[in-house]
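Reading through the structure tokens given below for one structure.
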Amino acid sequence: MRTFLSSIAHSIPIITFLVYYSYAQQPGNAYLERRITDLEKRVAILESKLKSSSSEKIQYSEKWKDRMLWRKLSTGMKMDQVEALLGVPEKIDGGDFTHWYFYPESPLHSHVTFYMGRLNSWKEPD
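Here the sequence shown stands for residues 1 to 126, numbered as in my numbering.
Below you can see the structure in the form of structure tokens.
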């Protein structure tokens, strides 16, 4: 019985698609043709927005190089507070412990560590 109900549940979307598809193929169905045209226009607009936003590059700041800014850090700060102070990190490794790396050549250079979204530790630039 369960298998029968499952097969019926899986076939409902297929049957619905076939009914609408056959209905759309009837000549003179201006509503569906207009709807498809409108949806295609909307997709084109969204695709163009996606292309333009993906071509924008993240602006990395040089603020993290200022040692005095690192000395304003305190444990318990939120991620957005640290980002406002030091800028966007070069690399992020996520998890319960989240590591942000600010480095020109080595991940051991300058980094901050968050635990559960709060600043836990850091290593300022040499």
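Beta carbons: idealized from backbone N, C-alpha and C, even for Gly.
Secondary structure of residue i, DSSP reduced to three states
i: THR16; result: helix
i: SER48; result: helix
i: ASP93; result: strand
i: TYR60; result: coil
i: THR75; result: coil
i: TYR101; result: strand
i: VAL88; result: coil
i: GLU124; result: coil
i: ASP66; result: coil
Contacting residues, own chain, Cβ-Cβ under 6 Å from residue i (five flanking each side not counted)
i: LEU73; result: TRP122
i: ILE92; result: TRP100
i: GLY87; result: SER61, LYS63, TRP64
i: THR37; result: none
Selected residue, minimal CA-CA separation from residue i, among the options
i: LYS63; options: TYR103, PHE17, ILE14; result: TYR103
i: GLY94; options: GLY87, VAL112, ILE36; result: VAL112
One or two residues paired with residue i in a DSSP bridge
i: LEU119; result: PHE114
Neighbourhood of residue i by C-beta distance below 8 Å, restricted to the same chain and skipping five residues each side
i: PRO125; result: TRP64, LYS65, ARG67, TRP70, PHE102, HIS109, SER110
Same chain, Cβ closer than 7 Å to residue i, five either side skipped, listed in chain order
i: PRO89; result: TRP100, TYR101, PHE102
i: LYS78; result: GLY117, ARG118
- Query: Between the segment 86-98 and the segment 108-118, do three or more beta carbon pairs fall short of 8 Å?
  - Reply: Taking 8 Å as the limit for Cβ pairs, the verdict is that the segment 108-118 does touch the segment 86-98.
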